[in-house]
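Asker: Residue numbering for the sequence shown follows the working numbering, beginning at 4 and increasing consecutively. Beta carbons: idealized from backbone N, C-alpha and C, even for Gly. These numbers come from a predicted model, not from an experiment.
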Amino acid sequence: MIRLWIFLLGLLGLAGCASTDISARRLDGTCPLIRLAEMPLEISGNLLFVKATVGDAPVTLLVDSGAERTLLTETAVQDLGLPRDYQHATRTFGIGSPTAAWDAKLPNGILLGSTRFPVDSVTVGRFAIKQSSGGTAHGLLGADVLLAFDIDLDLQAQRMTWYRARRECPDAAPPWKEPYVAVKGITTKRDRLLVPFELDGVAGMAVLDTGAQLSSISLRMAERTGVTPAQLAEDRQVLARGAAPDHVPVRLHRFSTFQVGGAMLRSPLLPVVPMSTGMGDALVGADFLRGRRVWLSFSTQRVLLTPAELGPWIAVTQTDR
């Protein structure tokens, strides 16, 4: 059996992050961009990692828009000597068995770049977060932090920039000159961005998950397109790993088309996940973002991105600018 490393880290804990001031429109109607922090991105196996500081120690965190809460692994919590919060435990769900653990306290929050983010506590995960380079990350940076800001992910330049959220400016342009496409119909649920898509002509809503190496389809969604259990039984089986210590067998099924936000995969071979907890109809993973520049705004429910120029995704609509 082939082992396929797919991070599907949808976490169902309650999000908690300090609120951020909202920048208002100027008298001339423009919306100023207020940059808060900038840091390099490390891209490993399609996944996005940033360096941060917890206490006085450097840590590596996976940027994971599919996780409701920021998380540190059990090993990292022990190595960092962080106190546990025995008043609060979080149960994590993803591919594999759900797990539960006492939260960990962060007396000094998380330092990202030169900016300290007031995160009081984090979920503790009983699993490892592997990097394709062979290293192991200390945890993941979840939506409880990401949702409070507007974020510019420049994947070609390998840079991540944080801006003050502009809820009063839902039509503001991103901070770049390149042509871009706005993904229509974005909504939010459990502090995660949901993206409309079509799979073989059938519409669904997917979690935009930067913590997933590959876009994946739920079994329920595959069945809606007409895929039968007999067909799946003939598909190649691989092992997937998510927010759990164990692995789950999934099937790789060949669909006709998978369309998301003005881009399409033709004849894609996609993992079909046997459970849908935390993923809705699908996960739109980091493979969709590869090589692009992406603007993520949880506050205005907007995803803007430069057209696909790398990989198998092909553009099927015109750019908005």
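Assuming V53 and M163 are in contact, meaning their beta carbons sit under 8 Å apart, how far apart are those beta carbons, in whole angstroms?
Answerer: Taking the sequence shown and counting its residues from 1, the one referred to as residue 53 is at position 50. Taking the sequence shown and counting its residues from 1, the one referred to as residue 163 is at position 160. Confirmed, about 6 Å.
Asker: Counting Cβ pairs closer than 8 Å, one from the region 60-67 and one from the region 298-309, do we hit at least three?
Answerer: Contact between the region 60-67 and the region 298-309 is absent, because fewer than three Cβ pairs lie under 8 Å.
Asker: Is the beta carbon of T93 less than 8 Å from the beta carbon of R119?
Answerer: As a first step, residue 93 must be located in the sequence shown, where it is residue number 90. As a first step, residue 119 must be located in the sequence shown, where it is residue number 116. No.
Asker: Quick check: the Cα distance between V205 and R227, rounded to an integer number of angstroms?
Answerer: Here residue 205 is taken as the residue at index 202 of the sequence shown, counted from 1. Here residue 227 is taken as the residue at index 224 of the sequence shown, counted from 1. Taking the straight line joining both Cα atoms gives about 7 Å.
Asker: Within the same chain, show all residues whose beta-carbon is closer than 8 Å to that of H91, passing over the 5 residues directly before and after it, in chain order.
Answerer: Start at 1 with the first residue of the sequence shown, and residue 91 comes out as number 88. Hits under 8 Å: W105, D106, S124.
Asker: Have a look at the DSSP bridge pairing and note the partners of Q3.
Answerer: It is not possible to answer for residue 3, since the shown part of the chain is limited to 4 through 324.
Asker: Assign V230 to one of two classes, buried (16 or more other C-beta atoms within 10 Å of its C-beta) or exposed (fewer than that).
Answerer: For the purposes of this step, residue 230 is taken as residue 227 along the sequence shown, with counting starting at 1. V230 comes out buried.
Asker: With a threshold of 8 Å on Cβ separation, who are the neighbours of L197 within its own chain once the five nearest residues in sequence on each side are excluded?
Answerer: Within the sequence shown, residue 197 is the residue found at index 194, counting from 1. If we look at L197 and ignore the five residues flanking it on each side, its Cβ neighbours are I189, T190, T191, M208, A209, V210, L211, G283.
Asker: Check for me: the beta strand (DSSP E) holding I39 runs from which residue to which?
Answerer: Numbered from 1 along the sequence shown, position 36 holds the residue referred to as residue 39. What sits at residue 39 in the sequence shown is Leu, not Ile. Start and end: 38-43.
Asker: Would you call the CB atoms of R38 and Y183 closer than 8 Å?
Answerer: Residue mapping note: residue 38 aligns to position 35 of the sequence shown, counting from 1. Residue mapping note: residue 183 aligns to position 180 of the sequence shown, counting from 1. Not a contact, by the Cβ cut-off of 8 Å.
Asker: Only counting the same chain, and skipping five residues up and downstream in sequence, which positions put a Cβ closer than 8 Å to that of P61?
Answerer: Indexing the sequence shown from 1 puts residue 61 at position 58. If we look at P61 and ignore the five residues flanking it on each side, its Cβ neighbours are K54, A55.
Asker: Give every residue of the same chain whose Cβ lies closer than 8 Å to the Cβ of V319, excluding the five residues on either side of it in the sequence, and list them in chain order.
Answerer: Stepping through the sequence shown from its first residue, residue 319 is reached at position 316. Here the set comprises Q262, G265, A266, M267.
Asker: Which residues mark the beginning and the end of the beta strand (DSSP E) in which E171 is found?
Answerer: Numbered from 1 along the sequence shown, position 168 holds the residue referred to as residue 171. Segment: none, E171 is in no beta strand (DSSP E) and carries neither H nor E.
Asker: Classify L74 as buried or exposed, calling it buried when 16 or more other Cβ atoms lie within 10 Å of its own Cβ.
Answerer: Within the sequence shown, residue 74 is the residue found at index 71, counting from 1. Classification of L74: buried, given that the 10 Å Cβ count is 16 or more.
Asker: Quick one: what's got a C-beta closer than 6 Å to D24's C-beta in the same chain, skipping five residues either side?
Answerer: Against the sequence shown, residue 24 aligns to sequence position 21. Residue placement at D24 is flagged as unreliable, the pLDDT there being 40, under the threshold of 50; the coordinate-derived value follows with that caveat. Hits under 6 Å: none found.
Asker: For F130, name the three-state secondary structure that DSSP assigns.
Answerer: Position 127 of the sequence shown, counted from the start, is the residue given in the question as residue 130. Looking at F130 - three-state DSSP - the assignment turns out to be coil, as it is neither helix nor strand.
Asker: Using DSSP with H/G/I as helix, E/B as strand and the rest coil, what is I5?
Answerer: What you label residue 5 is simply residue 2 of the sequence shown in a count that begins at 1. With a pLDDT of only 33 at I5, under the threshold of 50, the placement of this residue in the model should not be trusted; the figure read from the coordinates follows. I5: strand per DSSP, three-state reduction.
Asker: Rounding to the nearest angstrom, what Cα-Cα distance links P110 and D155 in this structure?
Answerer: Here residue 110 corresponds to residue number 107 of the sequence shown, with the count starting at 1. Here residue 155 corresponds to residue number 152 of the sequence shown, with the count starting at 1. Roughly 28 Å separates the two Cα atoms.
Asker: Using the beta-carbon count (16 or more within 10 Å), is S300 buried or exposed?
Answerer: Walking along the sequence shown from the start, residue 300 turns up at place 297. The residue is buried, with at least 16 neighbouring Cβ atoms inside 10 Å.
Asker: Is it right to say R257 is buried, meaning 16 or more other beta carbons lie within 10 angstroms of its own, or is it exposed?
Answerer: As a position in the sequence shown, residue 257 is number 254, starting the count at 1. Exposed.
Asker: Does the Cβ of A103 have 16 or more other Cβ atoms within 10 Å, making it buried, or fewer, making it exposed?
Answerer: By 1-based counting over the sequence shown, the position of residue 103 is 100. It counts as exposed.
Asker: DSSP beta-bridge partners for K108?
Answerer: Translated into the one-based positions of the sequence shown, residue 108 becomes position 105. Answer by DSSP bridge pairing, in chain order: S124.
Asker: For L307, name the three-state secondary structure that DSSP assigns.
Answerer: Position 304 of the sequence shown holds residue 307. It is a strand residue.
Asker: Comparing C-alpha positions only, which one of A131, V297, V148, G138 sits nearest to L114?
Answerer: The residue labelled residue 114 in the question sits at position 111 within the sequence shown. Nearest of A131, V297, V148, G138 to L114, Cα basis: V148.
Asker: Can you check which of these residues, L273, P232, Q234, P310, is closest to A243 by C-alpha distance?
Answerer: Taking the first residue of the sequence shown as 1, we reach residue 243 at position 240. Residue L273 is the option with its Cα nearest to A243.
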